[in-house]
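See structure below.
In our numbering, the protein residues as written are 194 to 404.
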């Protein structure tokens, strides 16, 4: 059985924004604060131990008051590189934590019971990975990952299979945890990639659609 103290949260903000016309999307304002601050607050309600994975100048995230860990694999190697960075940080700084839960910095409305549901469906082993699904779609950036897989993940990444998340996951046990739509039918894993989606997120908040 996994205990809550076995888990640390990792916010993945290491990617490059290409569809928002230049600005870093995780720092775009939503209801008076950056997207990534919404993500931090939602994750902080589920775990008190959080690290931010981000590349480049860490000073731009200073308002979050979070430890920051850059990718340990060079070249923006995709979400798995951020997950590995989180694992390495946890090993060095939180040796009692056996798992990380990863979330995306551009997805401010993810489920408030994400960690609770991952714990409920996981077998407590050091090889099983839990991934979120909703409405028939898999969300591999939202997962529970055993820190014990850090060395295996690094070996996988240095082979050049950087973006193939499921190719790595399928080497181990996998449980998919399904999450329902919101009260008004929106996907809790709605992520913001375009100015239009940012405007929609504003409307969703104003309409009190998010639980």
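From the three backbone atoms N, C-alpha and C, an ideal C-beta is built for every residue, glycine too.
With residue i as the anchor, note down where its alpha helix (DSSP H) starts and where it stops.
i, result
"residue 276", "272-286"
"residue 343", "343-351"
Just to confirm my understanding: we take residue i, look at its own chain, exclude 5 residues before and 5 after, and list those with CB closer than 8 Å. What are they?
i, result
"residue 201", "240, 242, 243, 244, 279, 283, 287, 290, 292, 293, 294"
"residue 264", "207, 246, 248, 270, 274, 275, 277, 278"
"residue 197", "240, 308, 312"
"residue 318", "339, 366"
"residue 341", "291, 319, 320"
"residue 305", "235, 238, 239, 404"
Which residue marks the beginning of the beta strand (DSSP E) containing residue i, and which one marks its end?
i, result
"residue 388", "No beta strand (DSSP E) holds residue 388; the alpha helix (DSSP H) holding it covers 388-399."
"residue 202", "200-205"
Report back the beta-carbon spacing between residue i and residue j to the nearest angstrom; my notes put them in contact at under 8 Å.
i, j, result
"residue 370", "residue 325", "6 Å"
"residue 230", "residue 257", "6 Å"
"residue 195", "residue 312", "5 Å"
"residue 220", "residue 253", "7 Å"
"residue 323", "residue 314", "6 Å"
"residue 228", "residue 385", "6 Å"
"residue 272", "residue 358", "6 Å"
"residue 343", "residue 281", "6 Å"
"residue 383", "residue 335", "Between residue 335 and residue 383 the Cβ distance is about 12 Å, and since that is not below 8 Å, they are no contact."
Just verifying my parser: in three-state terms, what is the DSSP assignment at residue i?
i, result
"residue 227", "strand"
"residue 247", "coil"
"residue 385", "coil"
"residue 263", "coil"
"residue 212", "Residue placement at residue 212 is poorly supported in this model, since its pLDDT is 45, which falls under 50; the coordinates are not used for a value here."
Looking only at its chain, what residues have a beta carbon closer than 7 Å to the beta carbon of residue i, apart from the 5 residues adjacent to it on each side?
i, result
"residue 328", "374, 380"
"residue 199", "290, 291, 292"
"residue 364", "none"
"residue 368", "314, 315, 321, 323"
"residue 303", "235, 296, 335, 381, 382"
"residue 394", "223, 301, 385"
Kindly list the residues whose CB is nearer than 6 Å to the CB of residue i, restricted to its own chain and excluding five residues on each side of it in sequence; keep chain order.
i, result
"residue 361", "349"
"residue 163", "The question about residue 163 has no answer here: the residues shown for the chain are numbered 194 through 404."
"residue 225", "none"
"residue 398", "224"
- Task: Entirely within the segment 290-373 and at least 3 residues each: give me those beta strand (DSSP E) ranges in chain order.
- Result: List check, beta strand (DSSP E) in window: 292-297, 322-327, 330-339, 367-371.
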